[in-house]
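Trainee: Under this note's numbering, the first residue of the sequence shown is numbered -4, with each subsequent residue one higher.
Backbone N, C-alpha and C define an ideal beta-carbon position, used for all residues, glycine too.
All values reported here derive from a predicted model rather than from experimental measurement.
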Amino acid sequence: MHKILFFVATFILALAACKKIAEKINFPPDQFSVVVARKATTAKLTWNGATDPDGDTLTFAVELEGQSLVNGLTVTQYEITGLLPYQGYKGKVIATDPKGLKRIVDFEIIPYGEQLLVYEMISHLASFDLDGNRAWEHNWDCRGAPVVFGDTLIVSMGSSIIAARASDGEMLWIKKDMPTGRIRYPMLHNGIVYVEAAAKLHALNVVDGSTIWSMNCDSRRDLAIGNETLYLLDVDANDKAKVHLKAIHLKTGMLKWSVSLSSSAVSALVAKNGMLYFTQAASWDKPDYLLAFDANTGIEKWRYELPGSSLFVEESGAPVILGDIIYIPVLQTSSLVNKTLLYAFHANDGKLVWKQYLENIYTGVDELAADATGIYACGNNQLIKVNPANGSVIWSQSGDFSGSITLTEENVFTTSGGIRGTVMAFNVATGQSKRVVNGSANYFYSPVAYKNEKVFYPARSPMSTKN
């Protein structure tokens, strides 16, 4: 009997000792996960299952890129603000129990998805994602596609130049008394925006809109930039029928050289590989030309004659260059039916490489876009991608298209549907279409697209990837 009592007492003492030992042992917080809901400039963090095995109350801290954002949280969510839309971030949520033991969980904020700046030339500018969700909109009179610098966009309006945040549309600055009577696309280079207004060309600081320099200007077409030089086609002050091709120093606005052209009907310019390329229409009894000039001297290097054709130069964008080949669309007119051809030339000497009909495009094509996989053209009823080596069709889509296109790494955007235009996205590889933005305004022009710090402009804009 005594032995039994001894063992029972020993067992009870052992249990008591184990209980005391267990009470002294403290376990760290349980493992948990962090869910991130990203918006343009914010990210909402929510962490589930953040509990303590000892039943203690936990507190939480949040770090982002090694910097502490908040400590002592007792709730399981937190919103981070002030993010750049195109930038990704890494951070930690740290759970701590009363005795100081921690559980650290990493999280990642991926860059915000692709956004579209959709505009029309009367009274509208809006930002949408690829699902058609609108982030913001303004009734602004856009005179050409906006340019984007980080999270700042610059837009030329009827009487002023405005800077706003691309992420939320909030105005940053406005420069008044800057009337722009015609549609001209602004250009951006190294934090300076170049825009024509009030019969002058202005170089403005993106940060605050202050004027760096200005010069008298009555440009015929949009600007081009290459080799730290700005090129423009300027109407003669005394004879409006004459146009001068000019090279301007980017930083000072000083004239480098100027040459007179034989016709004022010219396309937009493209500056590449030390050369300037554009098309020119002469009088009714003379042919049209594709021209190449030395960008350093203004000396004409070569021209290709296009008799019996129409280049629609007053409306057309610049020629497209891919590698050492330059491409232009040409409308061939006849008494029976008009046909659009795509011409390919050697950029260094102007020799014809090939020409090919663009199937089912019977009206003038005034802009092209190009990437390593193809040349893209859009008429009023056909969007087409062709092989850059020979002009053969890779894919085509029919629709009531505006003819304006924006090429990104994944999609080519255009608009369709007339006065209440719809923004459409077509996969560059397959041509498969997706309706992105339903018309709530006159979306006739293809959008500016931006994603992961990359900005893609309409093909007609001098900011487009072809430049």
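Run the CB neighbour count on D283, radius 10 Å, all protein chains shown included, and call it buried at 16 or more, exposed below.
Mentor: So D283 ends up on the buried side.
Trainee: Spell out the partners DSSP gives C373 in its beta bridges.
Mentor: C373 pairs with L378.
Trainee: Looking only at C-alpha atoms, which of A367, G386, E300, K429 sits nearest to G394?
Mentor: Ranking the options by Cα distance to G394, first place goes to K429.
Trainee: From the DSSP output, in three-state form, read off Q351 for me.
Mentor: Three-state DSSP puts Q351 in a strand.
Trainee: Beta-carbon within less than 6 Å of T91's beta-carbon, same chain only, minus the 5 sequence neighbours each way: which residues are those?
Mentor: Cβ neighbours of T91 beyond the five flanking positions: T54, K97.
Trainee: Which class does V70 belong to by DSSP, given the choice of helix, strand or coil?
Mentor: Correct three-state label for V70: coil.
Trainee: Going by beta carbon distance, what residues of the same chain come within less than 6 Å of T46, once the five residues before and after it are set aside?
Mentor: D25, listed in sequence order.
Trainee: In chain order, what residues of the same chain have a beta carbon less than 8 Å from the beta carbon of E74, not counting five sequence neighbours either side?
Mentor: Cβ neighbours of E74 beyond the five flanking positions: T37, A38, K39, L40.
Trainee: Reducing DSSP to helix, strand and coil, say where V443 ends up.
Mentor: If DSSP states are grouped into helix, strand and coil, V443 belongs with the strands.
Trainee: Mind reading off the beta-carbon distance from V254 to L240? Whole number of angstroms is fine, and I expect it under 8 Å.
Mentor: The pair is a contact, with the Cβ atoms about 5 Å apart (cut-off 8 Å).
Trainee: For the region 163 to 174 against the region 210 to 217, are there 3 or more C-beta pairs whose distance is under 8 Å?
Mentor: Flag = no, the region 163 to 174 and the region 210 to 217 do not touch.
Trainee: Do K85 and V100 have their CB atoms nearer than 8 Å?
Mentor: Cβ atoms of K85 and V100: not closer than 8 Å.
Trainee: Judging by CA-CA distance, which residue of I187, V423, F27, Y114 is the nearest neighbour of M152?
Mentor: Among I187, V423, F27, Y114, the Cα nearest to that of M152 belongs to Y114.
Trainee: DSSP state of R298, grouped into three classes?
Mentor: R298: strand per DSSP, three-state reduction.
Trainee: I'd like the list of long-range same chain contacts for L68, defined as Cβ closer than 8 Å, with 5 residues on each side in sequence excluded.
Mentor: Cβ neighbours of L68 beyond the five flanking positions: T54, F55, A56, V57.
Trainee: If you drop the 5 nearest sequence neighbours on each side, which residues of the same chain put their C-beta closer than 8 Å to that of D49?
Mentor: Only N21, F22, D92 meet the Cβ criterion.
Trainee: According to the Cβ coordinates, are A287 and M270 closer than 8 Å?
Mentor: In contact: A287 and M270 (Cβ atoms closer than 8 Å).
Trainee: Just to confirm the assignment, what range does the beta strand (DSSP E) spanning N21 have?
Mentor: Run containing N21: none; DSSP gives neither H nor E here.
Trainee: Using the C-alpha atoms, what's the distance from K380 back to T247?
Mentor: Roughly 41 Å between the two C-alpha positions.
Trainee: So, are the CB atoms of S387 and T410 less than 8 Å apart?
Mentor: No. Outside cutoff.
Trainee: Measuring CA to CA, which of Q392, H341, I321, A384 is closest to L363?
Mentor: Nearest of Q392, H341, I321, A384 to L363, Cα basis: I321.
Trainee: Three-state secondary structure (DSSP) at I16?
Mentor: Because the pLDDT of I16 is 48, which lies under 50, any placement of that residue in the model is unreliable, and the question is left without a value.
Trainee: Contact check, I104 vs G83 under 8 Å by CB: the rounded distance?
Mentor: About 6 Å separates the two Cβ atoms, so the contact holds.
Trainee: Suppose the cutoff is 6 Å on Cβ atoms and the five residues either side in sequence are ignored; what does the same chain contact list for I356 look like?
Mentor: Here the set comprises T335, G374, Q377.
Trainee: Using DSSP with H/G/I as helix, E/B as strand and the rest coil, what is T175?
Mentor: DSSP places T175 in coil when its eight states are reduced to three.
Trainee: Select from F340, V315, L326, V30 the residue whose C-alpha is nearest the C-alpha of A367.
Mentor: Of F340, V315, L326, V30, the residue nearest in Cα terms is V315.
Trainee: What whole-angstrom Cβ distance do A273 and A313 have, given they're in contact under 8 Å?
Mentor: Residue identity differs from the one stated: residue 273 is Phe in this sequence, not Ala. Confirmed, Cβ separation roughly 7 Å.
Trainee: Which residue wins for smallest C-alpha separation from T224, given the options V238, I187, A372, D234?
Mentor: Checking every option, the nearest Cα to that of T224 belongs to I187.
Trainee: Under a Cβ-count criterion, where at least 16 other Cβ atoms within 10 Å of its own Cβ denotes burial, should H244 be classed as buried or exposed?
Mentor: With fewer than 16 Cβ atoms within 10 Å of its Cβ, H244 is classed as exposed.
Trainee: Roughly how many whole angstroms lie between the Cα atoms of I482 and C137?
Mentor: Nothing about residue 482 can be read from this structure; the chain reaches only from -4 to 462.
Trainee: Applying the criterion that 16 or more other CB atoms from any shown protein chain within 10 Å of the CB defines a buried residue, is M419 buried or exposed?
Mentor: So M419 ends up on the buried side.
Trainee: Do L196 and T206 have their beta-carbon atoms positioned less than 8 Å apart in this structure?
Mentor: Contact flag unset, no.
Trainee: Given a threshold of 16 other Cβ atoms within 10 Å of its Cβ, counted over all protein chains shown, does T52 qualify as buried or as exposed?
Mentor: T52 comes out exposed.
Trainee: Starting from G406, trace the beta strand (DSSP E) both ways and give me its first and last residue.
Mentor: One point to set straight first is that residue 406 is Asn, not Gly, in the sequence displayed. Segment 406 to 411, the beta strand (DSSP E) holding N406.
Trainee: Closest by CA to V29, which one among L59, K94, F102?
Mentor: The candidate whose alpha carbon is nearest that of V29 is F102.
Trainee: Give the secondary structure of N128 by DSSP, where H, G and I count as helix, E and B as strand, and everything else as coil.
Mentor: Looking at N128 - three-state DSSP - the assignment turns out to be coil, as it is neither helix nor strand.
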